[in-house]
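When we follow this note's numbering, the leftmost residue of the sequence shown carries the number 404, and every step to the right adds one. Idealized CB from N, CA, C, for every residue including glycine.
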Amino acid sequence: MRKRWLNLFARLIVIAWVLTSGLMLSGCRSIEDDLANDSTRPWNSPRGWDSRLPTQLMEGR
């Protein structure tokens, strides 16, 4: 009887570990489209203070 309980406990531990690992590896990304968060300006585009040109000359890029 004791061996059966240990076997059941070991199975529950393995199932809990597999479920926890699956949740951790799946991440937390949402299903919604991320287009609302996309910027029209790339992250590495030069700012007005990065070059000697006036800011208005770079706006049309």
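Does residue i come out as helix, strand or coil in the three-state DSSP assignment?
i: residue 420; result: helix
i: residue 448; result: coil
i: residue 430; result: coil
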